[in-house]
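Colleague: Please find one structure pasted underneath; my questions will follow.
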Amino acid sequence: MELFLFRPNEYERLYSCDSITIDDVPLEKRQHIAESVITIALCAIYYILYIPCIMSMYKHLDVPCYRLLFYMSITDCGILWMLGFLHGVLGILGAVFCSYPRLIYICGSIISGIWIAESVAEMSLSINRCLAIVSPTSEKFLFGGWRVFVWIAISAGYGTWWMFFIKPVLFSGIHFTWFFNPYVGYRDDTTETYNNVLHVVWDMTVALGIPLIYVIFAFILHAKTMIFGRLSASQVRKNVSRRQKMMLLQVFLISVFNFIACSVYVYMMHVIPPELLIHFAQFCWLHIHGFPPVIYLALNKTIRDDTKRLMSSTLSKYPVLDGMKAKFSTTTGPATKPTTTANELDPDHISTRL
Numbered sequence: 000m001e002l003f004l005f006r007p008n009e010y011e012r013l014y015s016c017d018s019i020t021i022d023d024v025p026l027e028k029r030q031h032i033a034e035s036v037i038t039i040a041l042c043a044i045y046y047i048l049y050i051p052c053i054m055s056m057y058k059h060l061d062v063p064c065y066r067l068l069f070y071m072s073i074t075d076c077g078i079l080w081m082l083g084f085l086h087g088v089l090g091i092l093g094a095v096f097c098s099y100p101r102l103i104y105i106c107g108s109i110i111s112g113i114w115i116a117e118s119v120a121e122m123s124l125s126i127n128r129c130l131a132i133v134s135p136t137s138e139k140f141l142f143g144g145w146r147v148f149v150w151i152a153i154s155a156g157y158g159t160w161w162m163f164f165i166k167p168v169l170f171s172g173i174h175f176t177w178f179f180n181p182y183v184g185y186r187d188d189t190t191e192t193y194n195n196v197l198h199v200v201w202d203m204t205v206a207l208g209i210p211l212i213y214v215i216f217a218f219i220l221h222a223k224t225m226i227f228g229r230l231s232a233s234q235v236r237k238n239v240s241r242r243q244k245m246m247l248l249q250v251f252l253i254s255v256f257n258f259i260a261c262s263v264y265v266y267m268m269h270v271i272p273p274e275l276l277i278h279f280a281q282f283c284w285l286h287i288h289g290f291p292p293v294i295y296l297a298l299n300k301t302i303r304d305d306t307k308r309l310m311s312s313t314l315s316k317y318p319v320l321d322g323m324k325a326k327f328s329t330t331t332g333p334a335t336k337p338t339t340t341a342n343e344l345d346p347d348h349i350s351t352r353l
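Right, here's the structure in full:
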């Protein structure tokens, strides 16, 4: 972005389209109608699912991990506009970088920045959830109170720096994905002018770092479980609750998409793989930011219960939908605000309900 804003001559040298004729690649080879429609439809569904999830997270911002989840959800919604809707529209139009160079460059810079911010937050959340199980004291020390905002600030700051000073990814309808070479499909980058070593290093860090966090965690948890094995069952349940394990599973499932997408995109830096693998990696990238609400609603009891109450309350405003309201009421009770005990308002108690 800094190149575009403050060094226009250098931008023109690297990204000028004067020598490129778009129609050298036929339109039918640049369009991906089916994949584009699916991308747009999925993006719309994910946005709808995100609404109750974000509202639920907002209610529990006194819990550090929910602050991270709320921040990640906002970044996901920000990137989905471009990685979902814009990506789909460009795929239908058969666009390449030179079709809309400024639009694609600016959006590519924003996408790169948000992706970095989200992946930093993802690793922070993985550490947070693992510590919450193996060492709650360490988790409170590193993430408790205002400290969680330091992690969020690091994520946002690093993402902003990346957005302004690192070469962005650029859309190519030829392969229905984003490359660093603006002329992919027209001119090979034989001099590696657009090769982004830092991006390769970061993607490898994400692809290998998050699994490494879980391997270390699994080892510590196993050792801790062996120790707990000599204690009472109630003490084991107290230290490692089912809901804590479910929350860890949620973070792990999201991390799987990160691992797949990062691994394939590192490979794409050097070799253009088969189209099927490219499209698979692109949909994994979309699901990194779009699939979390599905995971939250399926596995997170707190968010699921808040969503049911929200839907019941919403349906109660429309008499014609009384039948649907009754359905939700049978599973969640009255749409009125539920009563809570003093213990339920305690952050530690809430964190065990994740």
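The opening residue of the sequence shown carries number 0 in numbering that gives the first Met the number 0; numbering runs sequentially from there. Yeah, the Cβ is synthetic: ideal placement off N, Cα and C, and Gly gets one too. Nothing here was measured: the structure is a model prediction, and the numbers come from that model.
(1) On the CB-based measure, 16 or more other CB atoms within 10 Å of its CB, does LYS316 come out buried or exposed?
(2) Using DSSP with H/G/I as helix, E/B as strand and the rest coil, what is PHE179?
(3) List the DSSP bridge partners of SER171.
(4) Quick one, which of ASN8, VAL24, ARG6 has its alpha-carbon nearest TYR182's?
(5) Could you tell me the boundaries of the alpha helix (DSSP H) in which GLY90 lies?
(6) Quick one: measure Cβ to Cβ for SER154 and VAL119, integer angstroms, because I've assumed they're closer than 8 Å.
(7) Compute the beta-carbon to beta-carbon distance between SER125 and ILE209, rounded to the nearest angstrom, for a pair I have assumed lies under 8 Å.
(8) Can you say whether ARG128 is buried or exposed, counting buried as having 16 or more other CB atoms within 10 angstroms of its CB?
(9) Since I believe LEU13 is in contact with THR192 (beta carbons under 8 Å), could you give me their beta-carbon distance rounded to a whole number of angstroms?
(10) What's the C-alpha gap between LEU296 and VAL62?
(11) For the candidate residues SER55, ASP75, TYR57, LEU68, whose alpha-carbon lies nearest to that of ALA43?
(12) If you measure between the beta carbons of ILE91 and SER35, is that distance less than 8 Å?
(13) List the endpoints of the continuous alpha helix (DSSP H) containing LEU2.
(14) With a 10 Å radius around its C-beta and 16 neighbouring C-beta atoms as the bar for buried, classify SER137 as buried or exposed.
(15) Where does VAL147 land, buried or exposed, given buried means 16+ other C-beta within 10 angstroms?
(16) To the nearest angstrom, how far is it from the Cα of SER15 to the Cα of PHE5?
(17) So does the segment 65-72 actually touch the segment 80-99, counting three or more Cβ pairs closer than 8 Å?
(18) Would SER108 be called buried (16 or more neighbouring beta carbons within 10 Å of its own) or exposed?
(19) Taking all protein chains shown into account, decide if ASN8 is buried (16 or more other Cβ within 10 angstroms of its Cβ) or exposed.
(20) Give me the Cα-Cα distance between VAL235 and TRP150, rounded to the nearest whole angstrom.
(21) Taking just the CA atoms, how far does PRO167 sit from LEU211?
(22) Kindly list the residues whose CB is nearer than 6 Å to the CB of THR331, restricted to its own chain and excluding five residues on each side of it in sequence; keep chain order.
(23) Jot down the residue ranges of each uninterrupted alpha helix (DSSP H) in the segment 14-71, minimum 4 residues, whole runs only, in chain order.
(24) Taking the straight line between their C-alpha atoms, what separation do you get for ALA232 and LYS58?
(25) How would you label HIS269, buried or exposed, when you count the other beta carbons within 10 angstroms and need 16 or more for buried?
(26) Contact defined as beta carbons within less than 8 Å: I believe ILE165 pairs with ASN194. What is the distance between those atoms, to the nearest angstrom?
(27) Quick one: using the 10 Å Cβ neighbour count with 16 as the cut-off for buried, is ILE32 buried or exposed?
(28) Would you check if the distance between the CB atom of ILE253 and the CB atom of GLU121 is smaller than 8 Å?
(29) Does DSSP put ARG186 in a helix, a strand or coil?
Modeller: This is what the structure holds:
(1) exposed
(2) coil
(3) THR176
(4) VAL24
(5) 86-92
(6) The pair is a contact, with the Cβ atoms about 4 Å apart (cut-off 8 Å).
(7) 6 Å
(8) buried
(9) 7 Å
(10) 18 Å
(11) ASP75
(12) Yes, they are a contact pair.
(13) 1-5
(14) exposed
(15) buried
(16) 16 Å
(17) no
(18) buried
(19) With fewer than 16 other Cβ atoms within 10 Å, it is exposed.
(20) Low local confidence applies: a pLDDT of 49 at VAL235 is under 50, so the model's placement there is unreliable, with the coordinate-based value given in what follows. Using only the alpha carbons, I get a separation of about 30 Å.
(21) 27 Å
(22) Low local confidence applies: a pLDDT of 48 at THR331 is under 50, so the model's placement there is unreliable, with the coordinate-based value given in what follows. Answer for THR331: LYS307, ARG308, SER311, listed in chain order.
(23) Listed in chain order, they are 32-58.
(24) Residue placement at ALA232 is poorly supported in this model, since its pLDDT is 47, which falls under 50; the coordinates still yield a value, given next. C-alpha of ALA232 to C-alpha of LYS58: approximately 33 Å in a straight line.
(25) exposed
(26) Not confirmed; about 12 Å, so no contact.
(27) exposed
(28) yes
(29) coil
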